[in-house]
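J.: In the numbering used here, the protein residues as written are 1 to 1195.
(1) Residue 297 and residue 276 look like a contact to me (Cβ under 8 Å); what is the Cβ gap, rounded to whole Å?
(2) Enumerate in chain order the residues of its own chain whose CB-to-CB distance from residue 1009 is below 7 Å, with the five nearest sequence positions on each side excluded.
(3) Pairing CB atoms from the segment 565-582 with CB atoms from the segment 655-662, are three or more of them under 8 Å?
(4) Go ahead and label residue 873 buried or exposed: buried means 16 or more other beta carbons lie within 10 angstroms of its beta carbon, across all protein chains shown.
(5) State the Cα-Cα distance for the pair residue 264 and residue 171, rounded to the nearest angstrom.
(6) Might you give, ordered along the chain, the residues of its own chain that have their beta carbon closer than 6 Å to the beta carbon of residue 341, omitting 5 neighbours on each side?
(7) Assign residue 531 to one of three DSSP states: helix, strand, or coil.
(8) According to DSSP, simplified to helix, strand and coil, what is residue 461?
(9) Let me make sure I understand the geometry here. Which of 932, 312, 733 and 886 has the alpha-carbon closest to that of residue 912?
(10) Counting along the chain, where does the beta strand (DSSP E) carrying residue 439 start and finish?
(11) Suppose you measure from the CA of residue 50 to the CA of residue 30; what does that come to, to the nearest Å?
(12) Looking only at C-alpha atoms, which of 383, 846 and 355 sits nearest to residue 374?
(13) Can you grab the Cα-Cα spacing for the pair residue 319 / residue 444, in whole Å?
(14) Would a C-beta distance cut-off of 7 Å place residue 1251 and residue 593 closer than the cut-off?
(15) Please identify the residue among 382, 515, 923 and 747 whose C-alpha is closest to the C-alpha of residue 406.
(16) Taking DSSP as the reference, what is the three-state secondary structure of residue 852?
(17) Please report the distance separating the alpha-carbon of residue 1051 from that of residue 773.
(18) Which whole-angstrom value is the C-beta distance of residue 1019 and residue 1138, which I expect to be below 8 Å?
(19) Going by other Cβ atoms of all chains shown within 10 Å of its Cβ, with 16 needed for buried, is residue 423 buried or exposed?
(20) Quick one, which of 879, 235, 1064 and 1023 has its alpha-carbon nearest residue 1012's?
(21) Is it buried or exposed for residue 187, if we count other Cβ within 10 angstroms and need 16 for buried?
(22) How close, in whole Å, do the beta carbons of residue 267 and residue 223 come, if the pair is a contact with beta carbons under 8 Å?
(23) Cα separation between residue 439 and residue 819?
(24) Quick check on residue 772 - is its C-beta less than 7 Å from some C-beta in chain D?
(25) Can you check whether the CB of residue 527 is closer than 7 Å to the CB of residue 427?
(26) What did DSSP end up calling residue 408 once you bin it into helix, strand or coil?
(27) Which value, in whole angstroms, describes the spacing of the CA atoms of residue 729 and residue 336?
(28) Which residues in the same chain have their Cβ closer than 6 Å to the Cβ of residue 990, if we skip the five residues on either side of it in sequence?
(29) So, is residue 166 buried or exposed, given that buried needs 16 or more other C-beta atoms within 10 angstroms?
(30) Which residues mark the beginning and the end of the alpha helix (DSSP H) in which residue 1126 is found?
(31) Between the segment 482-492 and the segment 448-460, do three or more beta carbon pairs fall short of 8 Å?
(32) To the nearest angstrom, report how far apart residue 183 and residue 249 are at their CA atoms.
(33) Suppose the cutoff is 6 Å on Cβ atoms and the five residues either side in sequence are ignored; what does the same chain contact list for residue 891 look like?
(34) My output table needs one value for residue 424: the three-state DSSP class, helix, strand or coil.
(35) Closest to residue 449 by C-alpha separation, out of 346, 473, 472 and 477, would be which residue?
(36) Would residue 231 and residue 256 qualify as a contact pair, given that the criterion is a beta-carbon distance under 7 Å?
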C-alpha cells in the first residue's frame, strides 16, 4: 500500500515535470519559428541584392534548406531530451528554491519499501517524518514552485515567435522586390528573361488634378498626380505665389505599379494666386527631368463682415448718455433706443441687408412664434466696403448681415448677433412702517415710512389718506429733481383729523415712472386702515375697572369682530379689482365682481342676524344696546347699496358705501365697548363678570361661528387656486424637461468642441446661451408667480400680510426655483461649454428638487401640522423671553429726563416694536395652523380635535395682551409694557405645553385599534400563505419560477406566529389594566354600556367564550401547534385557522368602535363648568327674581 505522503510528493513532482515540459516545448517552438523566419528573410534580402543566376539560386536554395533542416533536427533532439527523473527535478527545484534546504533531495533518497521494511541505520519513523517535513515545505513554497515554470511566460515567448513570423511575412508580401526575390529563390527553374536591346523608351504621360481652379481664400486644396509609362520613386510639386520664387514640396506616393505611379499633396491654406506643376527624374538617364504642364489656382474672397460699430441713441426718459460701441454687434438697450449699425466688409460690396429673426425660436414654440413677428429685412446704405442702417429696438431678436459683392458672390453662413430689448419695469413700492392695518387711539400720532424705486426715474410718489366723509389728503414725497429711489415719511396727527372711536383712516400710495414712450406706468398700492379705538379700552386692563370680575372683563376688548374683518376684506378686494380693471378680461372682471357682491350680501345677512340677537337682548337688559343696533341698521343700508353697485359692475362707486358700512360697524362696536366700561364701573364684581360674558356673546355674534375663516372674497380668483397650482406644477415639469434637453446639448457641445471650428463653436454657444437666458427668465417668472400665490394663500387676514409693493418676497418654498434661475443666468453668461453644462446641471437638480418640494407640500398631513405646531410654540416662547428681556433692558437704560416723544423716536424702541409685531404675526400663523388641524382633522381622533380647539381658545387673550403691549410701547410707556410682557410669557408657556401635547408621537394610541390592525395583518398573511401553498401543491411540491421554497414558507409561518403572540399579549394587557389605566374609570363605565354584548353581568370573561381575549389565545395555540408540513399536506387547515382570525378581527374592530362612540358621548363628563358661565346664570336668575318682585309689588 502506497504511503499518502509519498504519493503526494510524486503527484507534486509529476505536476512540476508536466509544467516544465510544457514551458520547454513552447519556448523551443517559439525559437524555431523566429529562427526560421529570420533565416528566410535573410536569404530573401541576399537574393534581392545579388540578383544571382540559376546556379547561384540553386546553391542558395540548398543552403536555405539545409539551415531549416538543421533547425528541425535540433528541435527534435531537444524535445526528446526533455524527460527528467525525480532526482533531476529535485535538483532543479532545490536550485531555484533554496528555502527547501535539501529536504526534497533527502526524502527522495528513501523508497517506499524502505519505509515499510526499514533500512539499516534509519528508522521508519525518521523516513516518514522526513517525507512529511518535505511535503509541508513543498506546500508552503507552492507559489515559488509555480513561478519556476511560468506557463504564462512560455505563452508570451510563443506569441513572440509567431509575431516574428507574421512581421516577416508582412514585409515580404508588401514589398514587390522582396516578394519576387523569395519566389525566385524557392523556385529557381524559371526561364531567363529575354532582354531586348535597343527598344525605344516608352511614352511618359503626367496628369494633374484639379488643373486650373478657383478657390476661396484660406481654403485648402489636394493636388493629385498620376504618371503613366514610368514608375518614378519620387515626385516633386513646385509652387509659385510671388511670380519669382518656386517652392518644392515632396509628394506622397499613393500607389506604384510596373509602369505607373500615383502621388498626392495637400495644400492646407492658400492666401494668394498660385502656379503649380510636378517634376521627376527619369531612371536610367543622367540629369533628364520630366515636367508636367503648369496650372493656376486663383483665389477669391466672399463678402465677410470685418467689424460692426453701433451708435446708441437712448430715450430721453432713461437719462443714459449716448455712446458708440466699436467692434461689437450684439445689441443690449432699453426699448425705444435708436441704433445706427455701421458694418465694415472685407471688400467692396454691391448690396447688403440686415436679416432679422425672432429670438429663441428653438424654445419658444409655435404658439409664441405666432404672437411675435420678426422685423422685416433692412437694407444697408453702401459706400464702398462700409454699409450703414438705423432702426429702433422694440423687442428681442436676432439679426445677421447678408451681403453680395460686385462679382455676384454672397456671404456664406453669416454670424448671428442678438438683440436684447430691456423693458421698462414698473416702479416698486415697500411700506416699511406700519406695513399692515393698525388699531390707533384718537390722540395718537401715526408714522408712515415708505420706500419707492424705479429703474429709470419716478414722476409721481403720493400718499393719499382720508377719513370717511372727509376730503382726501394728498402728500407728495417726490423731490424736484428726477430720482430713482425715494424714501418718504409722514406723521399723521389723528387729533387734527377729529376722529372718534368707530372712525377709521384709510390710506394708499400711488407711484408712476417716467416712461416717455408708452406713457408713465402707474402703480396703486393696496388700501390700508387705521382703526380708531377708545382710549379707555386701551388702558382698562391696567386700571382694573370695577370689582374682582370687572378687572378681568376687559380682556377681550382689543380684538375686532369678524364682521369688521369681513367688511375690511371686501373693501380690499373691491380696491384690488378697481385697480386691475383695465388688465382683466370682461368675463373675469364680471366673475370677480359677482363673488365680491355675494360676499357683501353674506355680510349683510350676518349683520341682520346680529341685530336680531341684540334685539332679543333688549328684553332683559337695559337700553344701552340701542345705539349699536341703530349703527348696524345703517351699516346694512350701506351694504345693500354697495351690493347693488357691484351687481352693476360699478366697483369705483361701490367703495364709498362699503367704507361707510365699515364705519357704522366700528361705531357699533365702539358703543358696545363704552357700554361695557359703564357696566364695569357700576356693576361690581358679579356685574363685571356678567358684562364680560355679554361682551363674549357679542363677540360670538360678530364672529358668526368662525365666519372669518371664509376668506374667498379676499382674492376673487381663489376658486381657481387648485387649478393654478396644477398649472404651476405642469409648467415646472415643462421647464425641467427643457432644461434637461439644454443640459444635454451643452454637454454634447463640450465633447465636440475639438471637432468644431472657432466660428462654429461660437455660433452654437451663442444659440445655447440665448435659449438658457430665455429659460432663466421663464423660471424667474414662475418663481415670482408661485411666491405671490403662496403669500396670498398663507395670509390669515387679507390685508395683514399683504406686500404693498406688489412683488412677493422670496419664500423658502421657491428658494430652489430662484437658485435654479440664478444658476441658469450664470450658465448663460459662461463662455466655456463645460462650465455652462455644469451650471446647467445644477439648475436642473434645483428644478427637480423644487418638484419634490411641491409633492411633499401636497402630501402634508395633519400629524405633520401637529408636530410643527409643537415646534412653533416653543420657538414663540423662546422669542418672547428674549423680547421681554430686551424690553426690561430698555426700561433700565431709559433716562429720567427723557420725554415720551423722545422715547418714541428712539431707534432701539422701534426695533422692539417691530419684534412685537413679528410675534403677533407668528401667533396668527399658529392660529391658522390650528384651524387647519380642526378643519382637516378626522372625526375619529377626538383627542386631537379637542386639544386643538382648546389651544385655539387660549390664543385670544394672548393676542389681546400683545396688541395692548404694542400700543403701550408705541406711546413710550416702557415700564408698563414690561409687566404685560411678563404676563404674555406666562400665557405662552401654557400655550406651548398645549401645542406640544398635540404631537401624536407623544400621545399613545388606542390599544384595541392597534390590536385590530394587527389582526387584519395576521389574516392577510395567512391568506397569502394559503395561496402560496395551494400553488406549490399544484406544481407537485417543486418550487418553480416565482414560487417560494419550503424554507421560505416556514419563515412566513413563523412571522405569523409571532404576530399572533403579540395580539394575545395585547389582549392580556388590556384585560389586566381594566380601570387602572389613566382614564380607566371612564373607560370602565363605557365598557359597561356594552357588557351585554360580551358577557353576562358586564364581566370580562377569560375562558374564551365570545370575547376577543379568548379568541386571541385560541388562535395563538392553534397556529403554534401546526407546522408548515401539516399545512402542505392538509391545506384545509387554513380554513379552520382563518375563521377564528376573521372573528377576532371583527370583534376587535367592533369593540374599538364602541369605545370611540362612548368616548364621544362622555367626552364632556370631566369638563369643568366655566366660572363666567356660572356667574352669568346666577346674574340672570337674580334679574328675573328682581323683576318678579317688582311686578308683585305693583299689583
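Glycine included, each C-beta is placed from N, C-alpha and C at the ideal position.
T.: To lay it out plainly:
(1) Taking 8 Å as the upper bound for CB-CB distance, residue 297 and residue 276 are in contact here, some 7 Å apart.
(2) 1152
(3) yes
(4) buried
(5) 24 Å
(6) 310 and 389
(7) In the three-state DSSP reduction, residue 531 falls in the strand class (E or B).
(8) Per DSSP, reduced to three states, the secondary structure at residue 461 is strand.
(9) 886
(10) Going by DSSP, residue 439 is part of the beta strand (DSSP E) stretching over 438-440.
(11) 30 Å
(12) Among 383, 846 and 355, the Cα nearest to that of residue 374 is on 355.
(13) Near 43 Å, if we compare the C-alpha coordinates of residue 444 and residue 319.
(14) Nothing in the structure corresponds to residue 1251, since the chain is present only between 1 and 1195.
(15) 382
(16) helix
(17) 60 Å
(18) 7 Å
(19) Counting Cβ neighbours within 10 Å, residue 423 comes out exposed, since fewer than 16 surround it.
(20) 1064
(21) exposed
(22) 7 Å
(23) 39 Å
(24) The question asks about chain D, but that chain is absent: this structure has only one protein chain.
(25) no
(26) coil
(27) 36 Å
(28) none
(29) exposed
(30) 1124-1129
(31) yes
(32) 37 Å
(33) 974, 975 and 978
(34) coil
(35) 477
(36) yes
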